[in-house]
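There are 2 protein chains.
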Amino acid sequence: MDDQPQWLTDEEMEAWLALVSLLIKLPQALDGQLQRDAGISHFEYQVLAGLSMSPGRTIRMSELAQLSDGSLSRLSHVVSRLEKRGWVRRCTDPGDGRYTLAMLTDEGWDKVVETAPGHVATVREVVINPLTKAQIRQLRDIGRRITDAADPGGTCPR
Amino acid sequence: MDDQPQWLTDEEMEAWLALVSLLIKLPQALDGQLQRDAGISHFEYQVLAGLSMSPGRTIRMSELAQLSDGSLSRLSHVVSRLEKRGWVRRCTDPGDGRYTLAMLTDEGWDKVVETAPGHVATVREVVINPLTKAQIRQLRDIGRRITDAADPGGTCPR
DNA sequence: CTCCATGACTTGAAGCGTCAAGTAAAGTGG
DNA sequence: CCACTTTACTTGACGCTTCAAGTCATGGAG
């Protein structure tokens, strides 16, 4: 924080406004497609996808929370819903009773398999295709820098 | 949409994952600072800021909705809350009874004035400072391209 | 061995956003 | 000038996220 408010320059303001619009509209587009085509939110998709890529399609809740960039509480609620829908099951870690393991059921796996292509197509259409190859690399670097600054702890450093 | 799912390459995936993290963590950081320091959400700040920059500190609801990148419904709810807090007042447009004019009260103006410096400082800290001058320009271009693709109508083209 | 601190969740209430209706004013065709 | 459509919102219900407790299992200190 500076003593002087230090207002944004025109260039900075343009970038900032573009980013704010992005922050509102991209999630809408992603959630919209998944909700329409698969009846799930983007975060639910991330959770299912995270599970599907874990060894044994099983993973600890806390690890899944980091993988999907969400709080443990949020994840707990979401997994409850996914469990009711029959896509995930929970059980206590046999080795350490504090951990809870989430595992993807066969129905959950099928759901991911049937949902993924449409989702990837949307990501391509909205994010990848509009950008040049150079911009894709720039986006990765910019995203990482801002994310690091916004979440200093990182929830997974060490 | 393609026939083939056409999976993402490594570079594309890296950029995509970086963007997904950004989408989650940046709003958290922005909302967090404003909530802690001023007791308002980022969207409420945008609405107040939009009003404060309008001529006569007054603007139509529909124009304010576009300015702040929100739906009319969302704006209506938010303005109701801001009205209860005494920062905004609503009245019907004398010229055309369908429009509603939102106007910033003096208390609302004071709120913006006292909140802005801390918010700008956070934006600087989290978004502007971590980037080079070139990256700031890149961010603007990338943001615009993705936003255009995600929101084809644009809610304000023509 | 017991008590307490810590870690890993789960739960419930409260607040916000979205969607689907509903309302009211202005424009438009006959 | 009257019905009908369009435009600009407002409202209510529902679902999801967050926040603050609360629970249960482990690991240590004495």
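Quick mapping for you: the protein sequence lines, in order, are chains V and Y.
Here the first sequence stands for residues 1153 to 1310, where the numbers follow the numbering used here.
Here the second sequence stands for residues 1153 to 1310, where the numbers follow the numbering used here.
No residue lacks a Cβ here, since even glycine has one placed at the ideal position from N, Cα and C.
Neighbourhood of residue i by C-beta distance below 6 Å, restricted to the same chain and skipping five residues each side
| i | result |
| --- | --- |
| residue 1181/V | 1278 |
| residue 1231/V | 1240 and 1254 |
| residue 1243/Y | 1253 |
| residue 1220/Y | 1198, 1199 and 1202 |
Selected residue, minimal CA-CA separation from residue i, among the options
| i | options | result |
| --- | --- | --- |
| residue 1271/V | 1195/V, 1169/V, 1171/V and 1174/V | 1195/V |
| residue 1212/V | 1179/V, 1172/V, 1255/V and 1296/V | 1255/V |
| residue 1251/Y | 1274/Y, 1257/Y and 1216/Y | 1216/Y |
| residue 1245/V | 1223/V, 1214/V and 1260/V | 1214/V |
| residue 1222/V | 1210/Y, 1207/Y, 1259/Y and 1173/Y | 1173/Y |
| residue 1296/Y | 1260/V, 1273/V, 1191/V and 1176/V | 1176/V |
| residue 1300/V | 1218/Y, 1159/Y, 1171/Y and 1285/Y | 1171/Y |
| residue 1192/V | 1260/V, 1224/V, 1290/V and 1209/V | 1260/V |
Terminal residues of the beta strand (DSSP E) in which residue i lies
| i | result |
| --- | --- |
| residue 1284/Y | Where residue 1284/Y is concerned, there is no enclosing beta strand (DSSP E), given that its DSSP letter is neither H nor E. |
Residue i versus residue j: straight-line alpha-carbon distance, rounded
| i | j | result |
| --- | --- | --- |
| residue 1227/Y | residue 1186/Y | 18 Å |
| residue 1189/V | residue 1267/V | 8 Å |
| residue 1134/Y | residue 1262/Y | With chain Y running from 1153 to 1310 in the structure shown, residue 1134/Y is simply not present. |
| residue 1162/Y | residue 1283/V | 15 Å |
| residue 1302/V | residue 1247/Y | 45 Å |
| residue 1294/Y | residue 1249/V | 46 Å |
| residue 1234/Y | residue 1165/V | 25 Å |
| residue 1292/V | residue 1207/Y | 39 Å |
| residue 1178/V | residue 1184/V | 10 Å |
Delimiting residues of the alpha helix (DSSP H) encompassing residue i
| i | result |
| --- | --- |
| residue 1213/V | 1213-1219 |
| residue 1165/Y | 1162-1190 |
| residue 1226/V | 1224-1236 |
| residue 1204/Y | 1194-1204 |
For residue i, three-class secondary structure by DSSP
| i | result |
| --- | --- |
| residue 1330/Y | The structure shown does not extend to residue 1330/Y, since chain Y is modelled only from 1153 to 1310, so the question has no answer here. |
| residue 1276/Y | helix |
| residue 1257/Y | coil |
Cutoff 7 Å; reference residue i; Cβ partners in own chain excluding five residues on either side
| i | result |
| --- | --- |
| residue 1264/Y | 1200, 1201 and 1204 |
| residue 1096/Y | No answer is possible for residue 1096/Y: it lies beyond the span of chain Y, which begins at 1153 and ends at 1310. |
Contact set for residue i: own chain, Cβ-Cβ below 8 Å, skip 5 residues either direction
| i | result |
| --- | --- |
| residue 1288/Y | 1280 |
| residue 1257/V | 1238, 1239, 1240 and 1241 |
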